[in-house]
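Report on the structure given below.
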Amino acid sequence: MNQTQTGGSKDNGVRQTIVQLLSHMRDGKEIREYLSRFSGVDQERFAVIKVGGAVIRDDLEGLANALAFLQTVGLSPVVVHGGGPQLDAALGDAGIVEERVDGLRVTPDAAIPVVRETLTTANLSLVDAVRAAGGQAAAVPSGVFEAELVDRERLGRVGEPSRVRLDLVAAAARAGQAPILACLGETAEGCLVNVNADAAVRALVHALQPYKVIFLTGTGGLLDQTGQILSAINLATDYDELLAADWVSGGMQLKLQEIHRLLADLPLSSSVAITRPTELTRELFTHAGAGTLVRRGEKISALHAKAEIDMDRLDALVTRSFGRPAVTGYWDQVKIDHALISENYRAAAITRRMGAWTYLDKFAVQDDARGEGLGRAVWRQLIAYAPQLIWRSRTDNPVNGFYFEECDGAIRTSEWTVFWRGELGVTDAMIADILALPATLEAVT
Ligand code: ARG
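Numbered according to our numbering, the sequence shown spans residues 21 to 465.
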C-alpha cells in the first residue's frame with residue numbers, strides 16, 4: 021500500500037516537521053537540550069504515546085510524520101492506540117448493538133472476531149503510514165497484555181491487564197522501531213479479550229516507567245474556561261483547585277484524575293503531555309510547548325527566616341538560573357521578608373520590604389523547570405502575597421516580556437528596567453533608590 025510512496029514524499033513529511041519546528045524556535049539551543057534530555061533515558065523508556073481511534077481516522081498523515089520525525093532524531097516511543105470509532109462502525113455493520121456499562125464497552129463473544137479484525141487493521145494502517153513517512157515501526161497488535169476478565173457476566177470479553185510482556189516492546193524499541201500496540205489482551209488461558217485503552221496505558225506506564233506519557237487528541241490539550249489550551253498544570257499546586265472549579269467539566273475531571281493516577285506511579289521527573297499530532301514536535305522540543313503539560317510538580321512554601329531556608333541550595337538555584345553567582349556577602353546582608361521556594365529548590369522568589377511596598381529581590385527559575393508552570397505558580401503566590409510589588413531587571417533580560425505583561429507600569433533605562441504593580445503610585449524617589457541599588461550578581465564575564 022505504501023509502495024506508491026516515493027522517496028521524495030517520505031522526506032517531505034519529515035522536512036515539513038523540521039521546518040515547522042524551527043520556525044518556532046529562537047535558536048537551536050532548546051532543541052539540543054531536549055534532545056539530549058530525551059536521549060538520556062533508555063530507548064524504550066522515552067515515551068508512551070496514546071493515540072485515540074479518531075486521530076488515526078482524522079489525522080493519520082500528521083501522526084505518521086510526527087512519529088517518523090522522532091525516529092529521525094533517534095527516539096522510539098511506544099505507541100498504544102484505540103479504535104473506538106472504527107469499532108462502532110464495524111460492530112454496527114455486523115449488526116452487534118453497542119452497549120456500555122460504567123463507561124466500558126460490553127464485548128459479547130460474537131464481537132471478538134470483529135474487534136480483532138478492526139483493531140488489527142487500524143494497527144496496520146498506522147504502521148504502514150509511519151513507514152510511508154520514512155519511519156520504522158513494528159506492528160504488535162497483540163501479545164503484550166496478559167489480562168483477567170473483569171466481569172464476564174456484565175461486560176463479556178473485557179480484560180484488565182495483569183501483566184505486560186515488556187520484552188516484546190523493548191526489543192522493537194531497541195532495534196529503533198516504534199512498537200505500535202493495539203488494546204488487545206489474552207487471558208492466561210489464551211482467550212482474546214478487549215482491553216480498555218486507559219487501562220492498557222496505565223499498565224504499560226506502570227511497567228515501563230517512561231519519561232513522558234503523551235496523549236494525542238484532536239483538541240490538542242485541556243481547555244480553560246475560555247476554550248484556550250491550558251499550557252501547564254502543576255498538580256501539587258493546581259489539582260484540588262481544578263477539580264473544584266465549576267468550569268471544569270465531568271469529562272475533564274476524569275481526565276485529570278487519570279493523569280494524576282499515572283503521575284503518582286512515576287518518578288517526579290516524568291510528565292504527561294496532551295497535544296495534537298502536528299504539534300507534537302513543538303511540544304517536545306521547545307520550552308513553551310504546544311499543548312498541555314502536566315507534572316506532579318512541587319509544593320511551594322513561604323519561608324521567612326534564613327534559618328528555615330537551605331541557603332546553599334538557594335544560592336545554587338540563583339547561580340544556575342542566572343548563569344552567574346551572587347556577589348560575595350550578598351546572602352549575609354540580604355534581609356529576607358518573604359521567600360517562596362519550591363520543594364526541590366527549582367524556583368524561588370525572594371522579597372524584602374520597602375515601606376508600603378514589597379521589593380522583589382530575586383526571581384529565579386532553573387532552566388529545566390521552564391515550560392512546566394513552576395515559575396508561574398511561584399509568581400501567582402508572589403502577587404497574591406504582595407499587592408504592591410516593585411522590581412528591577414537588566415534591560416536585556418529575556419524574561420522582561422513576561423514582566424511587561426505582568427506589570428502595571430515600567431521605566432526603562434539602558435541598564436535596568438524597573439517594573440511595578442499595584443494601586444499606589446510610584447514616586448521618582450523610589451525609582452531613583454531602586455536604580456541606585458548595588459548589583460547583587462557578579463558581572464557577566
Ligand atoms: N518541551 C518541554 C517538555 O516536553 C516543555 C514543554 C512545555 N509544554 C507546555 N505545554 N507548557 O518537557
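The beta carbon of each residue, even a glycine, is placed where N, CA and C say it ideally should be.
For residue i, three-class secondary structure by DSSP
i: Leu286; result: coil
i: Leu380; result: strand
i: Glu206; result: strand
i: Ile116; result: coil
i: Arg177; result: coil
i: Ala67; result: strand
i: Gln23; result: Caution is warranted here: a pLDDT of 40 is assigned to Gln23, below 50, making its placement in the model unreliable, and the coordinate value is therefore given only provisionally. Helix.
i: Asn420; result: helix
i: Ala256; result: helix
i: Ser291; result: strand
i: Ala110; result: helix
i: Ser413; result: strand
Delimiting residues of the alpha helix (DSSP H) encompassing residue i
i: Pro133; result: Ile132 to Ala152
i: Ala2; result: Because the chain here runs from 21 to 465, residue 2 falls outside it and cannot be looked at.
i: Asn85; result: Leu80 to Thr92
i: Arg185; result: First-last for Arg185: undefined, no H or E at that position.
i: Ile454; result: Asp448 to Ala456
i: Ala336; result: Met331 to Phe342
i: Glu53; result: Lys49 to Ser59
For residue i, the residue or residues it bridges with in DSSP
i: Leu323; result: Ala359
i: Gly429; result: Trp440
For residue j and residue i, the rounded distance between their alpha carbons
i: Gln23; j: Ala153; result: Reliability of the predicted coordinates at Gln23 is poor, the pLDDT of 40 falling under 50, and the value obtained from them is presented with this limitation in mind. Their backbone Cα atoms lie some 12 Å apart in a straight line.
i: Leu276; j: Ala167; result: 25 Å
i: Ser321; j: Pro97; result: 36 Å
i: Ile253; j: Leu262; result: 9 Å
i: Ile329; j: Asp258; result: 24 Å
i: Pro230; j: Gln63; result: 10 Å
i: Arg296; j: Ile431; result: 41 Å
i: Val464; j: Gly309; result: 29 Å
i: Cys211; j: Asp187; result: 21 Å
i: Leu236; j: Thr92; result: 19 Å
Residue range of the beta strand (DSSP E) that includes residue i
i: Leu313; result: Thr312 to Arg315
i: Val347; result: Neither: Val347 is in no beta strand (DSSP E) and is coded neither H nor E.
i: Trp399; result: Unbroken run through Trp399 is the alpha helix (DSSP H), Leu394 to Tyr405; no beta strand (DSSP E).
i: Glu166; result: Phe165 to Leu169
i: Leu236; result: Lys232 to Leu236
i: Arg373; result: Ala367 to Met374
Top-ranked residue by Cα proximity to residue i, from the options
i: Ala346; options: Lys382, His101, Arg372 and Ala223; result: Lys382
i: Gly11; options: Val147, Arg174 and Pro181; result: With the chain covering 21 to 465 only, the question about residue 11 has no answer from this structure.
i: Thr378; options: Glu363, Ala406 and Gly395; result: Ala406
i: Glu10; options: Asn214, Ile200 and Asp448; result: No information on residue 10 is available, as it lies outside the stretch 21 to 465 that the chain covers here.
i: Thr301; options: Arg172, Leu83 and Arg316; result: Leu83
i: Val121; options: Ile294, Gly196, Arg174 and Val100; result: Arg174
i: Ala459; options: Thr348, Ala88 and Ala219; result: Thr348
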